[in-house]
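**Q** Have a look at this one before I ask anything.
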Amino acid sequence: MSATAKSSSPAQRSTLLACAAVGATLLMLIALGHDGRRVAQLFALASPALIWLAWPVRGARAHRVRTCVVWLWAMGFALDGVIRAYLLDGYQAAPDSSLIQSAAANTNSREGAEYLSMHWRAMLVWSGTLLAAGLALGRFAHRGARQAMAWPRWAVPLLCLALLVSTVAYLSKPWRRLHPVLFWSQWSQSVQALRAGWADQQQQRDTALARAAAAAPAVVQEGPATLVLVITDSINRDNMALYGYRRATTPRLLAHKAQLGDQMLVLRNAWSVDASTVPSLRNMFNFGLPPEQEPQHVLALARAAGYKVWWMSNHDDVAIEQQHARLADVVDIVNRTPGRAGASLDGELLDCVQEALEDPAERKLIVVHLMGAHPHYGLRFPAGANPFDDQVDDVEAGLEKSGRSAWVRRFRQEYDAALLYHDSVVSETLQLVRTIGRADGYRAWMYLSDHGQEVGHGSNHAGHSPSTASGYRIPTVIWRNSAAEPYRAGTGDRPFRADWAGWTMADLLNIRWTGDATDRNALGEGYRWVAPVLPVKVSSFED
Numbered sequence: 029m030s031a032t033a034k035s036s037s038p039a040q041r042s043t044l045l046a047c048a049a050v051g052a053t054l055l056m057l058i059a060l061g062h063d064g065r066r067v068a069q070l071f072a073l074a075s076p077a078l079i080w081l082a083w084p085v086r087g088a089r090a091h092r093v094r095t096c097v098v099w100l101w102a103m104g105f106a107l108d109g110v111i112r113a114y115l116l117d118g119y120q121a122a123p124d125s126s127l128i129q130s131a132a133a134n135t136n137s138r139e140g141a142e143y144l145s146m147h148w149r150a151m152l153v154w155s156g157t158l159l160a161a162g163l164a165l166g167r168f169a170h171r172g173a174r175q176a177m178a179w180p181r182w183a184v185p186l187l188c189l190a191l192l193v194s195t196v197a198y199l200s201k202p203w204r205r206l207h208p209v210l211f212w213s214q215w216s217q218s219v220q221a222l223r224a225g226w227a228d229q230q231q232q233r234d235t236a237l238a239r240a241a242a243a244a245p246a247v248v249q250e251g252p253a254t255l256v257l258v259i260t261d262s263i264n265r266d267n268m269a270l271y272g273y274r275r276a277t278t279p280r281l282l283a284h285k286a287q288l289g290d291q292m293l294v295l296r297n298a299w300s301v302d303a304s305t306v307p308s309l310r311n312m313f314n315f316g317l318p319p320e321q322e323p324q325h326v327l328a329l330a331r332a333a334g335y336k337v338w339w340m341s342n343h344d345d346v347a348i349e350q351q352h353a354r355l356a357d358v359v360d361i362v363n364r365t366p367g368r369a370g371a372s373l374d375g376e377l378l379d380c381v382q383e384a385l386e387d388p389a390e391r392k393l394i395v396v397h398l399m400g401a402h403p404h405y406g407l408r409f410p411a412g413a414n415p416f417d418d419q420v421d422d423v424e425a426g427l428e429k430s431g432r433s434a435w436v437r438r439f440r441q442e443y444d445a446a447l448l449y450h451d452s453v454v455s456e457t458l459q460l461v462r463t464i465g466r467a468d469g470y471r472a473w474m475y476l477s478d479h480g481q482e483v484g485h486g487s488n489h490a491g492h493s494p495s496t497a498s499g500y501r502i503p504t505v506i507w508r509n510s511a512a513e514p515y516r517a518g519t520g521d522r523p524f525r526a527d528w529a530g531w532t533m534a535d536l537l538n539i540r541w542t543g544d545a546t547d548r549n550a551l552g553e554g555y556r557w558v559a560p561v562l563p564v565k566v567s568s569f570e571d
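Add 28 to the 1-based position in the sequence shown for our numbering, that's all there is to it.
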């Protein structure tokens, strides 16, 4: 071997090691966020960095530029992989799924900070992974080739093959759009477009009102009528004593049930088909029908039938406000702090409910949208009002036996405290509708949640959960006064779908219209249950 060959051998080994280390790191991080052939596609898109490392660069300045560019290039793929892995781990969702895009479009800086304060542990782990990858990539990117070397015979064909595959990847649009720079640029544009669409929906609202008027809805029961519809957020019925939970989280609802008997209907097997708020409310008010079928909207039908409609909310939420609230005659948003994680308590709405009930309108639909137990759980009840934080009870023992972490057990305590406060607010809305109004008038009250919440039930996780049944298990309770017909036998045991709730709301409003149906009304004689298709296996919808 010549002196030149001998002197180049250490540099050659260093370059090979650098290419191998950068390639292995990239492959590992890409595989965290992708699967199947997409791993190969992303690796092909990332390979120019490896090829450039093997290409000799002599000047010191050029070497520094290459090191910086290769590191930034590689970190783009690394960040993409880590973000995708985080979303897959926590939500079993891709970043371009409707769940993630809707959440991003509906999030502001305050809510983002509050989300970070709740999930910082998981984010810290993934951030540590990214930091370690950045350090490794920086170290080995600095070791790229600096002079021409005698490569092994197999190395040159391998580099040529890598260059060819990379060229094909960039020429192929389906492959090219996976590149982190292109993907996340387009993702950002999609989120902005989604947000802009929510903020400018007057035309859609006008269309909904015109469609409702064309359907000629009519009220089939004479006299004054009032429906109070209480929609809450993130309540899992498994945490309600009303549904058999072992902590006293719903004492006032239980008291109402004991007093009202059969007038208060508890639907034991209620389910949402969505694990997040925006699609859930869309389904509730649009009768579970897709937009292309031009469905009616419950609020528009109520107004067309002669109801005065209120929307009062503890959410400061542009999507919900534009899609639903602005269809009402009266809109009252008591939470003026941006972000669904604002600290405004749901009890602030009770005065609004009373004021609406005292309004002289003949027919009234009052929608009350609560924060419920939306994370942060600790913000959903008054300070110092957590009776479960120092208890070692059966629930705590069961969580510990199941291997739930200390932080998940703490979140369960806060979640249950939120439900206890929530019980007082929800029960007060029922008490108000029972006591305010003409004695000879028809009054009804319906309470349900948009989706459930996973708080250590099926996994060591606290928060929204599209991947466990807890994300879909919700409460649904209905009360009607003596002016209404009794419930049919066995109604409370029927499985119930929140995306069909519009049909039940219409029944409670005593509205009939062109295109009305009865087989999806849980209170109707002709109700026909069809199990929804959820992204998680449910052993039985009747439990």
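The beta carbon of each residue, even a glycine, is placed where N, CA and C say it ideally should be.
This structure is a prediction, so every number in the text was calculated from the model and none was measured.
Do you know offhand how far ALA434's Cα is from PHE569's?
**A** Within the sequence shown, residue 434 is the residue found at index 406, counting from 1. Within the sequence shown, residue 569 is the residue found at index 541, counting from 1. Going from the Cα of ALA434 to the Cα of PHE569 covers about 31 Å.
**Q** Applying the criterion that 16 or more other CB atoms from any shown protein chain within 10 Å of the CB defines a buried residue, is TRP83 buried or exposed?
**A** As a first step, residue 83 is located in the sequence shown; it is residue number 55 there, counting from the start. Exposed, by the Cβ-count rule.
**Q** Determine whether the beta carbon atoms of LYS392 and TYR335 lie at a separation below 9 Å.
**A** For this step, residue 392 is matched to residue 364 along the sequence shown. For this step, residue 335 is matched to residue 307 along the sequence shown. The answer is yes: Cβ separation under 9 Å.
**Q** Please report the distance separating the alpha-carbon of THR532 from that of PRO279.
**A** On the sequence shown, position 504 is the one that residue 532 refers to. On the sequence shown, position 251 is the one that residue 279 refers to. Each residue's alpha carbon lies about 26 Å from the other.
**Q** Could you check where the alpha helix (DSSP H) with PHE168 kicks off and where it finishes?
**A** Here the question's residue 168 lines up with position 140 in the sequence shown. 137–169 is the extent of the alpha helix (DSSP H) around PHE168.
**Q** Could you check what DSSP says for ASN311 in three-state terms: helix, strand or coil?
**A** Translated into positions along the sequence shown, residue 311 becomes position 283. Looking at ASN311 - three-state DSSP - the assignment turns out to be helix.
**Q** My understanding is that ALA550 touches ARG522, with C-beta atoms under 8 Å, so please give their C-beta distance in whole angstroms.
**A** Working through the sequence shown from its first residue, we reach residue 550 at position 522. Working through the sequence shown from its first residue, we reach residue 522 at position 494. With 8 Å as the limit, ALA550 and ARG522 qualify as a contact, their Cβ atoms being about 6 Å apart.
**Q** Near GLY486, which residues of its chain fall below 7 Å by C-beta distance, leaving aside the five closest residues on each side in sequence?
**A** In the sequence shown, residue 486 corresponds to position 458, counting from 1. Excluding sequence neighbours, GLY486 sits near THR496, ALA497, SER498.
**Q** Could you give the uninterrupted runs of the beta strand (DSSP E) lying entirely in the region 431–483, keeping only those of 3 residues or more?
**A** You should have 470–477.
**Q** Taking 8 Å as the cut-off, does the region 257–272 touch the region 395–404 (at least 3 CB pairs, one atom from each stretch)?
**A** The region 395–404, when compared against the region 257–272, does touch it at the 8 Å Cβ threshold.
**Q** With burial defined as no fewer than 16 other Cβ atoms inside 10 Å of the residue's Cβ, what is the status of ARG86: buried or exposed?
**A** Taking the first residue of the sequence shown as 1, we reach residue 86 at position 58. That one is exposed.
**Q** Can the beta-carbon of ALA113 be found closer than 9 Å to that of GLY162?
**A** Numbered from 1 along the sequence shown, position 85 holds the residue referred to as residue 113. Numbered from 1 along the sequence shown, position 134 holds the residue referred to as residue 162. Cβ atoms of ALA113 and GLY162: not closer than 9 Å.
**Q** Please identify the residue among LEU127, ALA74, ALA221, PRO38 whose C-alpha is closest to the C-alpha of SER193.
**A** If you number the sequence shown from 1, residue 193 lands on position 165. Per the sequence presented here, residue 193 reads as Val, with Ser not at that position. Ranking the options by Cα distance to VAL193, first place goes to ALA74.
**Q** Suppose you measure from the CA of ALA33 to the CA of HIS170; what does that come to, to the nearest Å?
**A** The residue given as residue 33 occupies position 5 in the sequence shown. The residue given as residue 170 occupies position 142 in the sequence shown. Bear in mind that the predicted position of ALA33 carries a pLDDT of just 42, short of 50, making it unreliable; the figure below should be weighed with that in mind. C-alpha separation (whole angstroms): 22 Å.
**Q** Helix, strand or coil, according to DSSP, for PHE524 in the structure here?
**A** Locating residue 524 in the sequence shown gives position 496, where the first residue counts as 1. Looking at PHE524 - three-state DSSP - the assignment turns out to be strand.
**Q** Can you check whether the CB of ALA472 is closer than 9 Å to the CB of ALA512?
**A** As a first step, residue 512 is located in the sequence shown; it is residue number 484 there, counting from the start. As a first step, residue 472 is located in the sequence shown; it is residue number 444 there, counting from the start. Yes.
**Q** For ALA48, tell me which candidate among PHE409, LEU187, PHE315 has the shortest Cα-Cα distance.
**A** Taking the sequence shown and counting its residues from 1, one reaches residue 48 at position 20. It is LEU187 whose Cα lies nearest to the Cα of ALA48.
**Q** Does the Cβ of ASP478 have 16 or more other Cβ atoms within 10 Å, making it buried, or fewer, making it exposed?
**A** To locate residue 478, count along the sequence shown from 1; it is residue 450. By the neighbour-count rule (16 or more Cβ atoms within 10 Å), ASP478 is buried.
**Q** Taking all protein chains shown into account, do 16 or more other C-beta atoms lie within 10 angstroms of the C-beta of TRP226, making it buried, or fewer, making it exposed?
**A** As a working mapping, residue 226 is identified with position 198 in the sequence shown. Answer is buried; the Cβ neighbour count reaches 16.
**Q** Quick one: residues in its chain with C-beta nearer than 7 Å to the C-beta of PHE313, no 5 flanking neighbours on either side, listed in chain order?
**A** What you label residue 313 is simply residue 285 of the sequence shown in a count that begins at 1. Result list for PHE313: HIS325, VAL326, LEU327, HIS352, GLY530, in chain order.
**Q** Among the candidates GLY251, ARG181, TYR443, whose CA atom is the shortest distance from the CA of GLN481?
**A** Along the sequence shown, read from residue 1 onward, the residue named residue 481 stands at position 453. Nearest C-alpha to GLN481: TYR443.
**Q** Between VAL14 and HIS207, what straight-line distance do the alpha-carbon atoms span, to the nearest angstrom?
**A** There is simply no residue 14 to check, as the chain begins at 29 and stops at 571 in what is shown.
**Q** Kindly indicate which residue of SER300, ARG205, GLY156, PRO388 has the alpha-carbon position closest to the one of GLN69.
**A** Along the sequence shown, one-based indexing puts residue 69 at 41. Answer by Cα proximity: ARG205.
**Q** Between ALA132, ALA160, GLU390, which has its C-alpha nearest GLN249's C-alpha?
**A** Your numbering for residue 249 matches position 221 in the sequence shown. Nearest C-alpha to GLN249: GLU390.
**Q** Would a C-beta distance cut-off of 9 Å place GLU553 and ARG516 closer than the cut-off?
**A** Working through the sequence shown from its first residue, we reach residue 553 at position 525. Working through the sequence shown from its first residue, we reach residue 516 at position 488. The answer is yes: Cβ separation under 9 Å.
**Q** What separation, rounded to the nearest whole angstrom, lies between the Cα atoms of LEU317 and TRP338?
**A** For the purposes of this step, residue 317 is taken as residue 289 along the sequence shown, with counting starting at 1. For the purposes of this step, residue 338 is taken as residue 310 along the sequence shown, with counting starting at 1. Cα to Cα, LEU317 sits roughly 24 Å from TRP338.
**Q** Given GLU386, which residues of its chain have a CB within under 8 Å of its CB, disregarding the five upstream and five downstream residues?
**A** Taking the first residue of the sequence shown as position 1, residue 386 is located at position 358. So the list reads ILE464, once near-sequence residues are dropped.
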